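Working notes, structure below.
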Amino acid sequence: MQQKLKELLEKRQEAIRGGGTERVEKQHEKGKLTARERIDLLLDDGTFEEIGMFVEHRTIEFDMQDQQYLGDGVVTGYGNIERRLVYVFAQDFTVFGGSLSETHAEKICKIMDLAMQNGAPVIGLNDSGGARIQEGVNSLGGYADIFYRNTLASGVIPQLSAIMGPCAGGAVYSPALTDFIVMTDHTSYMFVTGPNVVKTVTMEEVSSDDLGGAYTHARKSGISHLVAQNDKECVVMLRKLLSYLPQNCEELPQRLPYTLTDELRPKLDHLLPDSSSQAYDVKLIIDEIVDASSFFEIQAEHADNIVIGFARIAGRSIGVVANQPNSLAGVLDVNSSKKAARFVRFCDSFNVPLLVLVDVPGFLPGTDQEWNAIIAHGAKLLYAFCEATVPRISLILRKAYGGAYDVMNSKHIGADMNYAWPSAEIAVMGAKGASEIIFKKEISAADDQAAMLKEKESIYAEKFAHPYKAAARGFVDEVIIPSQSRKKLIKAFAMLENKVRKLPRKKHGNIPL
Ligand code: HXC
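Residue 447 in the numbering used here sits at position 449 of the sequence shown; the count goes up by one each step and never skips.
Below, the structure is given as structure tokens:
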């Protein structure tokens, strides 16, 4: 027995060595941790249980049978984050550049199947040169097996991806099918075709970082939901993200213990500028409404005319969607509609109630927007809200104009409670635009057209630039004092806790993708 035990321990040591000291050092020199180091940091101490440590690839092409590394370039298993079960895989760049072989894919599929069957999140730490070139189609099949599982798991268990090294070619589609992507700055990149192919095909010269680095995807494409400065920050972000989520679609997010001491927030009575055309930062309002330091913004760099993120209100997890007047006056456009729509759908999939803060002058006009299908993308947001069955509360801070009023979680599309501040302006359009249309004749006939426009504007504003017409119709449930917003919302979310709303039976809807 002693000899057998020794053999087992030696084999374990061999697996733990990965691609060997030299390659591990190279990994460290690049500022990257190894797969096992990452898992150790990600999970609660001592909770990791590895599965498939001794798996070997089956390739014999290019004398690959003589190059075996136990585990085949991916460390898989399960463990805990804040005492809750998660499944994890981490690609080991020190073994064939973390490339994906058939067996490497089988290991990932095995933990994905376990995660689905046991209702717990899957976290993938990606660091890979892509398809194992020596394997050909076997590797491609392995990718497709993973994509298939990503899709089946979507909406069943949370799936988080960290990109901590290369992620190129078709390999990008597994993370893209998951719920959130965190990228590490400078050490990761994602693209379907790399700089060399881009140069050949389009003559563009671009670096890997500019083409698909963390900030490129955070700002331009919105593919990256969060950017971490290094591997350590990346795992901290993954842990934090999970804290807002339930284990699966059948559960509610965990509620943290919370003692109510600070429901009234006097600062909220003074945060809006005097002029309704002046910008302000809606994040200051979010911070005053939610539990202290609980707001965790997602996709902060992308389409910043809308703010999305998780927060807590009296310990309850919520998803926040807020127009941002500081950027493009908070209009809805193609990117902000897509960004918010996907977030709303995520929250609804996993029973995270929604708080929507409204200050929106409308949709962004222009050929660019129309030709890039603002009609379809705006419809995505509309569809996502209409279909969401989680508790949904809106608070209209200031403008709620035109179609954007309807889209931003209005009562008509199923919001449960709609509050407005006295500063709310709910109408078809702003006073100036409206007056120019409906008083066109009077204005053009006037000697002093500017004065006439001003006069008509104030008549229109008096009639519509307030929340009371909407409140009279019951489209707004209550006009509230801003400093009481937090108190009202805490009570309303508690009141809606057991909400049940069923959608009509169907195979699935046809969201305007
Ligand atoms: C097998 C690979 C590999 C791969 C890297 N390696 N990529 N082995 N298959 N795809 C090996 C290298 O041979 C090397 O082995 C080790 O990993 C580290 O690679 P280096 O090149 O030394 O590292 P670095 O300089 O950091 O460059 C990393 C890299 C580069 C940019 C990822 O290796 C690279 O360009 N690899 C090929 C990428 C690629 O074209 N993949 C296929 C994409 S198409 P040694 O023994 O020296 O340590 C694809 C299709 C998926 O993935 C389709 C899914 C539907």
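C-beta: ideal position from N, C-alpha, C; glycine also.
None of the values given here were measured: they were computed from a predicted structure.
- prompt: What are the start and end residues of the beta strand (DSSP E) that includes G122?
  reply: V120 to N124
query: Counting along the chain, where does the beta strand (DSSP E) carrying V350 start and finish?
result: Taken as a continuous stretch (DSSP letters only), V350 belongs to no beta strand (DSSP E), as it is neither H nor E.
message: Could you tell me the alpha carbon to alpha carbon distance between T57 and N246, rounded to whole angstroms?
response: 37 angstroms
- prompt: In its own chain, which residues sit with a C-beta less than 7 angstroms from the C-beta of E455, not counting the 5 before and 5 after it?
  reply: A429, K430 and S433
- request: May I ask whether a heavy atom of ligand 1 can be found less than 7 angstroms away from the beta carbon of L138?
  value: yes
query: Any heavy atom of ligand 1 closer than 7 angstroms to the Cβ of P514?
result: Residue 514 falls outside the range modelled here, since the chain spans only -1 to 511, and no answer is possible.
query: Are F293 and A309 closer than 8 angstroms when you measure CB to CB?
result: yes
message: Can you tell me whether I58 is helix, strand or coil according to DSSP?
response: coil
- prompt: Around ligand 1, which residues pass a check of Cβ closer than 5 angstroms to any of its heavy atoms?
  reply: F94, G95, S97, G127, G128, A129, R130, I131, Y141, P164, G167, G168 and A169
- prompt: Looking only at its own chain, which residues have a Cβ that is under 7 angstroms from the Cβ of D177, when we skip the five neighbours before and after it?
  reply: P156, Q157, L158 and F344
task: Taking 8 angstroms as the cut-off, decide whether the C-beta atoms of R34 and V73 are in contact.
output: yes
message: Taking the beta strand (DSSP E) that R396 belongs to, which residues open and close that run?
response: R390 to Y399
- request: Compare the Cα-Cα distances from H55 to each of I109, A320 and G96 and report the closest residue.
  value: G96
field: Short Cβ contact (8 angstroms threshold) for L330 with V280
entry: no
Beta-carbon contacts of V93 that lie in its chain and below 6 angstroms, excluding the five residues immediately before and after: G16, G17, Y67 and G71
task: Give a yes or no on whether the C-beta atoms belonging to H215 and V180 are separated by under 8 angstroms.
output: no
- prompt: What three-state label does DSSP hand R81 in the structure shown?
  reply: coil
- request: Just tell me which of V196, K467, A118 and E460 has its CA closest to the CA of S241.
  value: A118
- prompt: Taking the DSSP output, what are the residues bridged to S315?
  reply: R310
- request: Reducing DSSP to helix, strand and coil, say where N330 ends up.
  value: Residue identity differs from the one stated: residue 330 is Leu in this sequence, not Asn. Note: L330 maps to strand in three-state DSSP.
Cβ shell of I106 (< 6 angstroms), same chain only, five flanking positions each side left out: F87 and I144
Bounding residues of the beta strand (DSSP E) (the contiguous stretch that carries E261): Run containing E261: none; DSSP gives neither H nor E here.
- prompt: So the beta strand (DSSP E) F178 belongs to, where does it begin and stop?
  reply: F178 to T182
field: As assigned by DSSP and simplified to three states, the class of L494
entry: coil
task: Using 10 angstroms around the beta-carbon of Q227, count the other beta-carbons present and answer buried if the total reaches 16, otherwise exposed.
output: exposed
task: Please name the residue in A301, I311, W419 and S275 whose C-alpha comes closest to that of D260.
output: I311
- request: Check whether the Cβ atoms of M188 and Q132 sit closer than 8 angstroms, and answer yes or no.
  value: no
- request: State buried or exposed for D125, treating a residue as buried only when at least 16 other CB atoms are found within 10 Å of its CB.
  value: buried
- request: Consult DSSP for Y458 and reduce its assignment to one of helix, strand or coil.
  value: helix
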